[in-house]
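Chains as they are written, first to last, in my numbering: chain W, 141 to 539; chain V, 49 to 310.
Ideal placement from N, C-alpha and C gives every residue a C-beta, glycine not left out.
Computed from a predicted structure; not experimentally measured.
Have a look at the structure below, then the notes.
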């Protein structure tokens, strides 16, 4: 991981936590000591050989890495390009989320923290956090919107089975953004012994950078695997879905400074970008401050955060990570808005063509393939961020 | 950061520096048009400073009581624009210093320069924006605040290091807002030995700015304790609960203030 510590280029985070004009640490003074402690220590902790050894060992033996890079032949034939799937759905717990929680729990241990707090939307990050807390024997508290707890009951049960305390966030709209607010409040109230494991590349610096580094194992493996399979390290396109954007940040990381690789981000358009029921942040949002960083967020003219909608709970977030805001703002990334309907169709298509049922979040990335003008000799990698078991009840309504 | 424009907050502390009472309420709560009535009621009840909350959808530093009042105010249609319209002309009757408290995003959308200009125009003296940290404020916005003579009040907490407190003191004007404990608003009951030790530690630092203690100040006892260690205290959630239960009449507000500082 040494190579990713070399970040002296424009898509890397600055010393003060900015990606272009996005990022920073817009936090109340009550959080300053915690965030500052993390900022001062995270790079040296990550670079330490004992951390590196434990991190890579756990990724291999516990998470099941490296995950395969699979040539999807029937999908390729249908889309008219060479398409590889990076199988993050095969990670322990069923999605890429665990790459980050493994990294952060090792950081928390080295900071002497005794308790973990986390937010979760669909429950995937909550499960990944509860999992590593069980593994390491740390207390785990997960905030989840009261409405999401009803919608995602199996994941609530999984977290509880893993020993976590799941607390309903009853403020505001009772979904992911409110769960994030509640987790931040919990951290304010417990500043000394608690570490907050944020689940995406959002939040105050250094979270977006730290989470991106832990997820960067995705693009690191893609490069090696693609080289072995095709003789080239770089695909023409790297495609991923973006809610907060953690799987996309990991999938893009090693290609950020490879201009020949187009970075493609699929956002959730919900019922349509202009329908009033959407989570297409770059299409609908404006620059502002959300959850500790300056980014692009969906908001009213008065600066009140608006409630997003997507069929996929993991993309149902009113902002995006500051790295992605910068990729959008600078034109480095191509952003597509994918409707619920398009995502569902792409999920069914992959299931029938390749025998892989993708998460609804991931289905948005697959649907983006139809929006891109692919050529026959293009090599495309899609980050298959998670598996679709958790979404069966939604899929089954559309069978 | 020293401003040359005279400011009611600085003038207040020059004249009096003991047992000052600052009361917070949310603009547009419980009803949209209550703002001026509550402001007048607080002045008539003898409070020394008034902090008016600009409601926000995601107030992370606030507990349940203030969150709910923010939600009600937003549903009532409150916005920064509406608040400035309500405050226009208030200086014909209101002499008490006014602070606006809120979160940074609505201010950014309104435009920082427009915001400071309107504060100046309607007679707002200072601002508290908890999620605009001092370093970012200094890097981007301090000159605008200075130009319009608007003070930006900063927070310290029991976890703030001495070095950072010195830095905040150096860069502050008006007063320093001492958060009484590691907490969100409205979540603390009483004043613990640990809090007292923190108050004494800060007292001994002989800061150049006066200090007001907030979070957990809800009655006469907590107000008195805070006032022994600082220049006064700030009451928020307890007053919001009172407005909810007893209404916004002058009599109701006077009776509340009597319970804090008879």
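Please give me, in chain order, every unbroken run of the beta strand (DSSP E) with length at least 3 that falls completely inside the stretch 201-277 of chain V. Whole beta strand (DSSP E) segments, 3+ residues: 224-227, 259-262.
Between the stretch 336-350 of chain W and chain V, which residues of the former have CB atoms less than 8 angstroms from a CB of the latter, in chain order? Cβ contacts with chain V come from no residue of the stretch 336-350 of chain W.
Compute the Euclidean distance between the alpha carbons of residue 311 of chain W and residue 380 of chain W, then round it to the nearest angstrom. C-alpha separation (whole angstroms): 31 angstroms.
Does the Cβ-Cβ distance between residue 232 of chain V and residue 328 of chain W come in under 7 angstroms? Closer than 7 angstroms, so yes.
Chain V contact for residue 328 of chain W (CB, 7 angstroms cutoff): Yes, residue 328 of chain W lies at the interface with chain V (some Cβ there is under 7 angstroms from its Cβ).
Under 7 angstroms by beta carbon: chain W residues contacting residue 232 of chain V: What residue 232 of chain V touches in chain W: 325, 328, 329.
Tell me the residue span of the beta strand (DSSP E) that contains residue 354 of chain W. Element bounds for residue 354 of chain W: not the beta strand (DSSP E) but the alpha helix (DSSP H), 347-355.
Taking just the CA atoms, how far does residue 377 of chain W sit from residue 144 of chain W? Reliability of the predicted coordinates at residue 144 of chain W is poor, the pLDDT of 42 falling under 50, and the value obtained from them is presented with this limitation in mind. Taking the straight line from one Cα to the other gives about 20 angstroms.
Using 7 angstroms as the threshold, is the C-beta distance between residue 156 of chain V and residue 428 of chain W below it? Yes, these two residues count as a Cβ contact at 7 angstroms.
Does the stretch 51-60 of chain V come within contact of the stretch 487-497 of chain W, defined as at least 3 CB pairs closer than 8 angstroms? Contact fails: fewer than three Cβ-Cβ distances are below 8 angstroms.
Could you tell me which residues DSSP pairs with residue 336 of chain W in its beta bridges? The secondary-structure analysis by DSSP pairs residue 336 of chain W across a beta bridge with W:257.
Residue range of the alpha helix (DSSP H) that residue 61 of chain V falls in? Residues 56-63.
Output yes if chain V places a C-beta closer than 7 angstroms to the C-beta of residue 170 of chain W; else output no. Yes, residue 170 of chain W counts as interfacial toward chain V.
Would you mind sorting residue 256 of chain V into buried or exposed? The rule is 16 or more other CB atoms within 10 Å of its CB. Counting Cβ neighbours within 10 Å, residue 256 of chain V comes out exposed, since fewer than 16 surround it.
Regarding residue 403 of chain W and the ligand ADP, is the C-beta to nearest heavy atom distance less than 6 angstroms? Inclusion of the ligand ADP in the displayed structure is not the case, the ligand content being empty and no account of it being possible.
Do we get a CB-CB distance below 7 angstroms when we pair residue 442 of chain W with the residues of chain V? By this cut-off, residue 442 of chain W is an interface position.
Enumerated in chain order, which unbroken segments of the beta strand (DSSP E) with a length of 3 residues or greater are wholly contained in the stretch 141-206 of chain V? Taken in chain order, the complete beta strand (DSSP E) segments of 3 residues or longer contained in the stretch 141-206 of chain V are 146-149, 174-176.
Can you give me the C-alpha to C-alpha distance between residue 184 of chain W and residue 159 of chain V, rounded to a whole angstrom? The alpha-carbon atoms of residue 184 of chain W and residue 159 of chain V are separated by roughly 39 angstroms.
Give a yes or no on whether 7 angstroms exceeds the smallest Cβ distance from residue 240 of chain V to chain W. Judged by the 7 angstroms Cβ criterion, residue 240 of chain V is not in contact with chain W.
Alpha-carbon spacing of residue 426 of chain W relative to residue 234 of chain W, whole angstroms: Straight-line spacing of the CA atoms in residue 426 of chain W and residue 234 of chain W works out to 33 angstroms.
If we ignore side chains and look at the alpha-carbon of each, how far apart do residue 284 of chain W and residue 244 of chain W end up? In a straight line, the C-alpha of residue 284 of chain W is about 19 angstroms away from that of residue 244 of chain W.
Which chain V residues are close to residue 165 of chain W, counting only those with a beta carbon under 7 angstroms from its beta carbon? Near residue 165 of chain W (Cβ distances below 7 angstroms), the residues of chain V are 181.
Interfacial residues, the stretch 478-498 of chain W to chain V, with Cβ spacing under 9 angstroms: Hits within the stretch: zero.
Enumerate, from N- to C-terminal direction, the unbroken alpha helix (DSSP H) stretches of 4 or more residues contained entirely within the stretch 263-347 of chain W. Those alpha helix (DSSP H) runs which fall completely within the stretch 263-347 of chain W and span 4+ residues are 264-276, 286-291, 293-301, 316-329.
Counting only C-beta atoms, is residue 106 of chain V closer than 7 angstroms to chain W at any point? At a cut-off of 7 angstroms between beta carbons, residue 106 of chain V contacts chain W.
Considering only the beta carbon of each residue, do residue 224 of chain W and residue 316 of chain W sit closer than 7 angstroms? In this structure, residue 224 of chain W lies away from residue 316 of chain W, with their beta-carbon atoms at least 7 angstroms apart.
CB contact flag (residue 348 of chain W, residue 461 of chain W, <7 angstroms): Yes.
For residue 215 of chain W, the nearest candidate out of W:264, W:487, W:402 (CA to CA): It is W:487 whose Cα lies nearest to the Cα of residue 215 of chain W.
Closest Cα partner of residue 88 of chain V within the set V:301, V:306, V:310: The shortest C-alpha separation from residue 88 of chain V is found at V:301.
State the start and end residues of the unbroken alpha helix (DSSP H) segment that holds residue 174 of chain W. 172-187 is the span of the alpha helix (DSSP H), which, as asked, contains residue 174 of chain W.
Please state if the CB of residue 337 of chain W and the CB of residue 262 of chain W are separated by a distance shorter than 7 angstroms. Residue 262 of chain W is not a Cβ neighbour of residue 337 of chain W, given a cutoff of 7 angstroms.
Report yes or no: is there a C-beta of chain V within less than 7 angstroms of the C-beta of residue 175 of chain W? So no, residue 175 of chain W is outside the interface.
Enumerate in chain order the residues of its own chain whose CB-to-CB distance from residue 466 of chain W is below 6 angstroms, with the five nearest sequence positions on each side excluded. If we look at residue 466 of chain W and ignore the five residues flanking it on each side, its Cβ neighbours are 159, 160, 162.
Between which two residues does the beta strand (DSSP E) holding residue 378 of chain W run? Counting along the chain, the unbroken beta strand (DSSP E) around residue 378 of chain W starts and ends at 377-381.
With distances taken Cα to Cα, identify the nearest neighbour of residue 60 of chain V among V:95, V:75, V:77. It is V:95 whose Cα lies nearest to the Cα of residue 60 of chain V.
Can you list, in chain order, the residues of its chain with a C-beta nearer than 8 angstroms to that of residue 419 of chain W? Leave out the 5 residues immediately preceding and following it. Taken in chain order, the residues that qualify are 383, 407, 408, 409, 410, 438, 448, 449, 450, 455, 456, 457, 458.
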